[in-house]
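Since the structure comes first, as structure tokens, the remarks are kept for the end.
Number of protein chains: 2
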Amino acid sequence: MKKIIARIAFGMAAFALASAASAQVKPEDQIKYRKAGYSYMMSWNMGKIKANLEGSYNKDQVAAAANAIAGIANSGMGALYGPGTEKAVGGQTTRVKPAMFTDKEGVTKVAVDFNKAANNLAKVAADGDAAAVKVAFGEVGKTCKACHDQYREE
Amino acid sequence: MKKIIARIAFGMAAFALASAASAQVKPEDQIKYRKAGYSYMMSWNMGKIKANLEGSYNKDQVAAAANAIAGIANSGMGALYGPGTEKAVGGQTTRVKPAMFTDKEGVTKVAVDFNKAANNLAKVAADGDAAAVKVAFGEVGKTCKACHDQYREE
């Protein structure tokens, strides 16, 4: 739990320091990377867990997918919302809403909720109990939706 | 170590079963997801580790980046090289060489080498010794290059 808190704290610090950290990554690459993390890698791994919960359950596949999601969640993606990434740039489109860059309190809440839920899913998935994974998976889904509802255009 | 071997074994099994597993994911999405994992998420996180090794070293950032890389490496990306992903499809381009789909032995070797190196980097990064991370990071880089040299067009 200490580790989880430390990771979330780091994630938050990364977000707060987005301007500094993202200076090294071009705005269009920040958008590309954040889409790769959320829309592609996380979607793919969430989809695998969903398929396991709805079909035959492979503990190793679910644990691996949950670890990938948690690993990405903990990697400081907040740094990919730096200046110049509020709208399409360099051929990269984005559905991010302006509030993502102004509502610090709200963004911190969805980020912390998501990281906690993702880390919990990885922990639960390691134990291999499908019923518990179903609950933890639903919790992650809720945090995805909370962020999309508030900070992403349809 | 047992866990690492188990993960690699699972990765290999995932690769072997690519046809079955990838049936659920459209070929163009498989290409999109594998590019997201390798070209975007891993590049970004490798870049962060490199920046830490060349500048001021933040143990937490390096550990988080290494965990993201390992998490993705262990997620069974072999399943994203299913039938129909040998060439551009549905607007998704790919630089994959035909040998990726025929050289089973060679592909297994680069995949196992990469997974081992990525898991070792995560382990070493957790300890926080920058000199050791530099070595482990170099080993991961070599396995990236080995695969690109053999199975990716320039």
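So the sequences go chain by chain: Z and D. Going by the working numbering, the first residue of the first sequence is number 906, and it counts up by one from there. Going by the working numbering, the first residue of the second sequence is number 906, and it counts up by one from there. Just so it is clear, CB atoms sit at the ideal spot from N, CA and C, and this is done for glycine as well.
- For residue 1017 of chain D, the closest alpha carbon among the candidates D:979, D:993 and D:1034 is that of D:979.
- With a threshold of 16 other beta carbon atoms within 10 Å, residue 934 of chain Z meets it and is buried.
- The C-beta separation of residue 971 of chain D from residue 1030 of chain D comes to about 4 Å, placing the pair in contact by the 8 Å criterion.
- Not one beta carbon of chain D lies nearer than 8 Å to the beta carbon of residue 1055 of chain Z.
- For the C-beta of residue 1033 of chain Z, not a single chain D residue is nearer than 8 Å; the gap to the nearest is close to 13 Å.
- Counting the other CB atoms within 10 Å of its CB gives residue 968 of chain D a total of 16 or more, which places it among the buried residues.
- Shown here, residue 930 of chain Z sits in coil according to DSSP, grouped into three states, outside any helix or strand.
- In the assembly as shown, residue 1003 of chain D is an exposed residue. Its beta-carbon has fewer than 16 other beta-carbons within 10 Å.
- Counting C-beta atoms within 10 angstroms of its own C-beta, residue 1040 of chain D has fewer than 16 neighbours from the protein chains shown and is therefore classed as exposed.
- Less than 8 Å separates the beta-carbon of residue 942 of chain Z from that of residue 982 of chain Z.
- In the assembly as shown, residue 932 of chain Z is a buried residue. Its beta-carbon has 16 or more other beta-carbons within 10 Å.
- Inclusion of residue 936 of chain Z and residue 973 of chain D in the CB contact set at 8 Å is not warranted, their separation being larger than that value.
- Secondary structure of residue 939 of chain Z (DSSP, three-state): helix.
- Contact check for residue 1044 of chain D against residue 1022 of chain D passes: the beta carbons are separated by less than 8 Å.
- Where residue 1002 of chain Z is concerned, there is no enclosing alpha helix (DSSP H), because DSSP gives it neither an H nor an E.
- Exclusion of the five residues before and after residue 947 of chain Z leaves 974 and 977 as the residues of its chain whose Cβ lies within less than 7 Å of its Cβ.
- Non-local beta-carbon contacts of residue 1035 of chain Z in its own chain, meaning distances under 6 Å to residues more than five positions away in sequence, involve 962 in chain order.
- According to the DSSP secondary-structure assignment, residue 994 of chain Z is paired through a beta bridge with Z:997.
- Judged by their CB atoms, residue 1010 of chain Z and residue 1001 of chain Z are not nearer to each other than the 8 Å cut-off.
- Between residue 1046 of chain D and residue 964 of chain D, the gap from beta carbon to beta carbon reaches 8 Å or more.
- For residue 976 of chain D, the closest Cβ of chain Z is nearer than 8 Å.
- If you draw a straight line from the Cα of residue 945 of chain Z to the Cα of residue 1055 of chain D, it is about 25 Å long.
- From the beta-carbon of residue 1051 of chain Z, no residue of chain D is found nearer than 7 Å; the closest lies around 22 Å away.
- A distance of 8 Å or more separates the beta carbons of residue 1019 of chain D and residue 954 of chain D.
- If you check the CB distance, residue 1015 of chain Z and residue 984 of chain Z do not come in under 8 Å.
- Below the 7 Å Cβ cutoff, chain D contributes no neighbours of residue 1024 of chain Z, its closest Cβ being approximately 11 Å away.
- For residue 1007 of chain Z, the number of other beta carbons within 10 angstroms of its own is below 16, and it is reported as exposed.
- For residue 945 of chain D, no alpha helix (DSSP H) segment is defined, and its DSSP state is neither H nor E.
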